[in-house]
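J.: This is the structure I have questions about; it appears just below.
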Amino acid sequence: MIKIHNLHKAFGQKQVLNGIDLTISDGETICIIGKSGCGKSVLLKHVVGLLDGDQGHVEVDGKNVIHFTKEELFSLRRRVGYVFQGAALFDSLTVFENVIISQWEHGERDTIALTQEAQRVLSAVGLLPASSAEGFAKEWAILRDKKPSDLSGGMRKRVGVARALVGSPDYVFYDEPTTGLDPVTSEQIDNLIAELSSTFNMTSVVITHDMFSVFKIANRVAMLDKGKVRFEGTVKELLDCKDTVVVEFLERYV
Ligand SMILES: Nc1ncnc2c1ncn2[C@@H]1O[C@H](COP(=O)(O)OP(=O)(O)O)[C@@H](O)[C@H]1O
Ligand SMILES: [Mg+2]
Numbered sequence: 006m007i008k009i010h011n012l013h014k015a016f017g018q019k020q021v022l023n024g025i026d027l028t029i030s031d032g033e034t035i036c037i038i039g040k041s042g043c044g045k046s047v048l049l050k051h052v053v054g055l056l057d058g059d060q061g062h063v064e065v066d067g068k069n070v071i072h073f074t075k076e077e078l079f080s081l082r083r084r085v086g087y088v089f090q091g092a093a094l095f096d097s098l099t100v101f102e103n104v105i106i107s108q109w110e111h112g113e114r115d116t117i118a119l120t121q122e123a124q125r126v127l128s129a130v131g132l133l134p135a136s137s138a139e140g141f142a143k144e145w146a147i148l149r150d151k152k153p154s155d156l157s158g159g160m161r162k163r164v165g166v167a168r169a170l171v172g173s174p175d176y177v178f179y180d181e182p183t184t185g186l187d188p189v190t191s192e193q194i195d196n197l198i199a200e201l202s203s204t205f206n207m208t209s210v211v212i213t214h215d216m217f218s219v220f221k222i223a224n225r226v227a228m229l230d231k232g233k234v235r236f237e238g239t240v241k242e243l244l245d246c247k248d249t250v251v252v253e254f255l256e257r258y259v
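When you read off a place in the sequence shown, starting at 1, and then add 5, the result is the number in the numbering used here.
Given below as structure tokens:
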């Protein structure tokens, strides 16, 4: 479970988070919505310790992550996969290298283990058949050495998701996973998010401005506005909500 309580964050004069309270339960898929620049990415970065709050606290499985040591952050990041906005792959690295980079950076040099993990996560996101399937070795040989520039936008996104699944995290955060994709590819990525959440029983937190995604995958929705959680509830409650700020937001995006 993730508990965010009274979280404040300013950049210079700009108060971005102004007392965020939000609880994310195990196994749910929660979508975080809100205007561009309202602090959605900043909020999630606090949960993985990429940013430190000015006030308040963020608990992951009962531990306050603010002011975590380096070692504690490393173990936290194994439990929280992060799919960054854009595909955020390294252009000069191959698919294989992109997927296992965090393990490599933390000193893992066991080629067999790295290969098996890369194959597992790339199969999970549908870029490879199951490892037992016929033709697997051939497909792996082709995929592993491809560079991001050889891949379509949807495939790059899948590689980004695969990287987040390395180490079997309990939580996966997706930052605008369908932005920049065509509608068909967006729907495939939505399906993938839903499928992964149920297959691996993961808790998924999805930042999106794509209301089709919200309707499709969310168990719960939180809308940020002026540094606070303005709305929290199910999709049905969102659609029934009479709060003018929420209604105006939905009118713009639906
Ligand atoms: N590292 C940073 N330094 C200064 N300002 C930042 C930083 N990160 C984000 N901001 C500002 O915080 C606000 C919220 O950003 P962000 O969370 O990225 O918005 P979004 O809701 O679109 O994800 C924006 O005004 C952004 O410019
Ligand atoms: Mg953002």
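Don't be surprised by glycine CBs; every beta carbon is placed ideally from N, CA and C.
Note that the structure is a prediction, hence the values are computed from the model and not measured.
Would you call the CB atoms of Leu56 and Lys8 closer than 8 Å?
T.: no
J.: Could you give the distance in angstroms between the alpha-carbon of His51 and the alpha-carbon of Gly58?
T.: Cα to Cα, His51 sits roughly 7 Å from Gly58.
J.: Excluding the 5 residues preceding and the 5 following His111 in the sequence, name in chain order all residues of the same chain whose CB lies nearer than 7 Å to its CB.
T.: Phe79
J.: Hey, how far is the Cα of Lys19 from the Cα of Ala142?
T.: 52 Å
J.: Provide the residue span of the alpha helix (DSSP H) that contains Met216, from first to last.
T.: Element bounds for Met216: Met216 to Ile222.
J.: DSSP has Ser209 in a bridge; who is on the other side?
T.: Thr34 and Val177
J.: Quick check on the DSSP output: what are the complete beta strand (DSSP E) runs of length 3 or more inside the region 68 to 139, in order along the chain?
T.: 85 to 88
J.: Could you pull the DSSP bridge partners for Ile29 from this structure?
T.: Ile7
J.: How about Ser46 and Asp180: do their beta carbons lie closer than 8 Å?
T.: yes
J.: Regarding Phe79 and ligand 1, is the C-beta to nearest heavy atom distance less than 7 Å?
T.: Checking every heavy atom of ligand 1 against the Cβ of Phe79, none is found closer than 7 Å.
J.: State yes or no: is the C-beta of Ser157 nearer than 7 Å to some heavy atom of ligand 2?
T.: no
J.: Among Val252, Arg149, Ala118 and Leu81, which one has its Cα closest to the Cα of Thr99?
T.: Checked all of Val252, Arg149, Ala118 and Leu81; the closest Cα to Thr99 is Arg149.
J.: Considering only the alpha carbon of each residue, which of Ile71, Ser107, Ala129 and Arg82 lies closest to Ser202?
T.: Ala129
J.: In whole angstroms, what is the alpha-carbon distance linking Lys231 and Val171?
T.: 35 Å
J.: Pull up the distance between the alpha-carbon of Glu122 and that of Lys151, whole angstroms please.
T.: 17 Å
J.: Counting Cβ pairs closer than 8 Å, one from the region 185 to 203 and one from the region 214 to 227, do we hit at least three?
T.: Touching, yes.
J.: Ala169 and Tyr87: beta carbons closer than 8 Å?
T.: yes
J.: In this structure, does DSSP put Gly238 in helix, strand or coil?
T.: strand
J.: So what's Leu170 in DSSP terms, helix, strand or just coil?
T.: helix
J.: Spatial neighbours of Leu22 within its chain, please: C-beta separation below 6 Å, excluding the five flanking residues on both sides.
T.: Leu12, His13, Lys14, Gly44 and Gly232
J.: When you compare only the Cα positions, how much space is there between Gly131 and Gly17?
T.: Rounded to the nearest angstrom, the gap between the Cα atoms of Gly131 and Gly17 is 43 Å.
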